[in-house]
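Enquirer: So the protein sequences, as listed, match chains F and U. First residue of the first sequence? That's 1 in my numbering, and the numbers climb one at a time after it. First residue of the second sequence? That's 115 in my numbering, and the numbers climb one at a time after it.
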Amino acid sequence: DAGVIQSPRHEVTEMGQEVTLRCKPISGHDYLFWYRQTMMRGLELLIYFNNNVPIDDSGMPEDRFSAKMPNASFSTLKIQPSEPRDSAVYFCASSFRQAPDGYTFGSGTRLTVV
Amino acid sequence: DQQVKQNSPSLSVQEGRISILNCDYTNSMFDYFLWYKKYPAEGPTFLISISSIKDKNEDGRFTVFLNKSAKHLSLHIVPSQPGDSAVYFCAAVLGNTGKLIFGQGTTLQVKP
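1) With 7 Å set as the bound, which would you pick, yes or no: does the beta-carbon of Leu43(F) sit closer than that to a beta-carbon of chain U?
2) Could you say which of Ile55(F), Ser82(F), Asn71(F) lies nearest to Glu62(F) if we only look at CA atoms?
3) Taking DSSP as the reference, what is the three-state secondary structure of Arg9(F)?
4) Check the Cβ of Ala184(U) against every Cβ in chain F and list those closer than 9 Å, keeping chain order.
5) With 16 other CB atoms within 10 Å as the buried threshold, where does Pro158(U) fall?
6) Entirely within the stretch 5–91 of chain F and at least 3 residues each: give me those beta strand (DSSP E) ranges in chain order.
7) Out of Gly42(F), Lys78(F), Asn51(F), which has the shortest C-alpha to C-alpha gap to Ile26(F)?
8) Taking the Cβ atom as the reference point for each residue, do Ser124(U) and Asp145(U) lie within a distance shorter than 7 Å?
9) Our contact map puts Leu43(F) next to Phe216(U) with C-beta atoms below 8 Å; I'd like the distance itself, whole angstroms only.
10) So which of Gly130(U), Cys204(U), Gln116(U), Leu135(U) has the shortest CA-CA distance to Lys225(U)?
11) Listed in chain order, which residues of the stretch 163–188 of chain U have Cβ atoms closer than 9 Å to some Cβ of chain F?
12) What's the gap between the Cα of Arg22(F) and the Cα of Gly108(F)?
13) Identify the contact partners of Met40(F) in chain U, using a Cβ-Cβ distance below 8 Å as the criterion.
14) What residue does the beta strand (DSSP E) around Arg110(F) start on, and which one ends it?
15) For the beta strand (DSSP E) holding Asp145(U), just list the boundary residues, first then last.
16) Any Cβ of chain F within less than 7 Å of the Cβ of Val207(U)?
17) Enumerate in chain order the residues of its own chain whose CB-to-CB distance from Ser87(F) is below 8 Å, with the five nearest sequence positions on each side excluded.
18) Listing by chain order, which chain F residues have their CB less than 8 Å from the CB of Ala200(U)?
19) Compute the beta-carbon to beta-carbon distance between Leu208(U) and Asn141(U), rounded to the nearest angstrom, for a pair I have assumed lies under 8 Å.
20) Within 10 Å of its beta-carbon, does Gln80(F) have 16 or more other beta-carbons around it, so buried, or fewer, so exposed?
21) Identify the continuous beta strand (DSSP E) that holds Ile134(U) and give its terminal residues.
22) Does Tyr153(U) pass the burial test, meaning 16 or more other C-beta atoms within 10 Å, or should it be called exposed?
This is the structure in structure tokens:
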């Protein structure tokens with residue numbers, strides 16, 4: 001398996017633009033997580049899905065952020081409109097049965113909003 | 115509020131010596147703790163874990179200690195190797211939700 005695949009690896013956008021981050025989880029994994037890494041707060045859980053259904057979105061910063069999982073092999077995290085404070089590395093992870101030692105992370109998307 | 119805290123942003127040790135990375139938590143409902151390791155431009159990878167019913171777990175050069183009364187855990191790496199240079203994240207599982215909560219990370223540099 002190729003692991004968790006995220007795209008793009010890097011994204012530079014202007015403030016106010018819409019940004020869409022993409023994630024393909026490992027086949028057979030039933031949980032998918034979106035995390036954001038910042039220096040101050042480390043890895044923050046934004047939202048997670050179980051069998052394509054959003055379970056907990058309490059970590060989503062505000063209404064500008066939205067996430068979808070239309071099927072078991074694809075998820076998106078959208079920011080509209082983007083702001084400079086959204087600049088961070090966004091990670092997607094998947095797991096089977098939410099086993100914490102079984103989380104597999106993607107390589108992340110480094111987002112820069114200028 | 116930061117429920118899992120790693121108060122040392124960075125640590126530098128000499129090759130062959132012991133590296134000790136520390137982590138504090140505030141929520142007594144955490145029942146499982148983990149350490150993840152992250153290299154630049156890669157995602158974090160699982161390193162070692164410990165259940166709240168134990169106070170020590172060892173895997174090769176890596177040992178995790180848990181002090182529940184102090185709400186503190188630590189990761190010991192002995193002996194440290196240059197390849198251990200990475201960012202180390204402490205994480206905790208909130209038992210009733212299964213959510214994995216991470217700390218801010220500590221950057222370890224092992225000098226040859």
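C-beta: ideal position from N, C-alpha, C; glycine also.
Expert: The answer reads as follows:
1) As a first step, residue 43(F) must be located in the first sequence, where it is residue number 43. Closer than 7 Å: yes.
2) For this step, residue 62(F) is matched to residue 62 along the first sequence. When only C-alpha atoms are compared, the closest one is Ser82(F).
3) Along the first sequence, one-based indexing puts residue 9(F) at 9. Arg9(F): coil per DSSP, three-state reduction.
4) Translated into positions along the second sequence, residue 184(U) becomes position 70. The premise fails here: Ala184(U) is roughly 21 Å from chain F at the closest Cβ pair, so nothing lies under 9 Å.
5) To locate residue 158(U), count along the second sequence from 1; it is residue 44. With 16 or more Cβ atoms within 10 Å of its Cβ, Pro158(U) is classed as buried.
6) The qualifying runs are 5–7, 10–13, 19–24, 31–38, 42–50, 53–56, 65–71, 74–79.
7) Here residue 26(F) corresponds to residue number 26 of the first sequence, with the count starting at 1. Comparing Cα positions, the closest option is Asn51(F).
8) Here residue 124(U) refers to the residue found at position 10 when the second sequence is read from its first residue. Here residue 145(U) refers to the residue found at position 31 when the second sequence is read from its first residue. No, the pair does not count as a contact, with Cβ atoms beyond the cut-off.
9) Residue numbering aside, residue 43(F) sits at position 43 when the first sequence is read from its first letter. Residue numbering aside, residue 216(U) sits at position 102 when the second sequence is read from its first letter. The Cβ separation is near 4 Å, so the contact holds.
10) Counted from its first residue, the second sequence places residue 225(U) at position 111. The option with the nearest alpha carbon to Lys225(U) is Gly130(U).
11) Ser163
12) What you label residue 22(F) is simply residue 22 of the first sequence in a count that begins at 1. What you label residue 108(F) is simply residue 108 of the first sequence in a count that begins at 1. Near 10 Å, if we compare the C-alpha coordinates of Gly108(F) and Arg22(F).
13) Along the first sequence, read from residue 1 onward, the residue named residue 40(F) stands at position 40. Here the neighbours are Gln218.
14) The residue labelled residue 110(F) in the question sits at position 110 within the first sequence. 109–113 is the extent of the beta strand (DSSP E) around Arg110(F).
15) In the second sequence, the residue the question calls residue 145(U) occupies position 31. It spans 144–152 - the beta strand (DSSP E) in which Asp145(U) sits, taken as one unbroken run.
16) The sequence position of residue 207(U) within the second sequence is 93, counting from 1. Yes - at least one Cβ of chain F is within 7 Å of the one on Val207(U).
17) As a first step, residue 87(F) is located in the first sequence; it is residue number 87 there, counting from the start. For Ser87(F), where only same-chain residues beyond five positions count, the Cβ hits under 8 Å are Leu111, Thr112, Val113.
18) The count along the second sequence starts at 1 and reaches residue 200(U) at position 86. Within chain F, no residue comes near Ala200(U); the closest Cβ sits about 13 Å away, beyond 8 Å.
19) Position 94 of the second sequence, counted from the first residue, corresponds to residue 208(U). Position 27 of the second sequence, counted from the first residue, corresponds to residue 141(U). With 8 Å as the limit, Leu208(U) and Asn141(U) qualify as a contact, their Cβ atoms being about 7 Å apart.
20) Numbered from its first residue, the first sequence carries residue 80(F) at position 80. Classification of Gln80(F): exposed, given that the 10 Å Cβ count is below 16.
21) For the purposes of this step, residue 134(U) is taken as residue 20 along the second sequence, with counting starting at 1. Taken as a continuous stretch (DSSP letters only), the beta strand (DSSP E) holding Ile134(U) covers 133–139.
22) For the purposes of this step, residue 153(U) is taken as residue 39 along the second sequence, with counting starting at 1. Exposed, by the Cβ-count rule.
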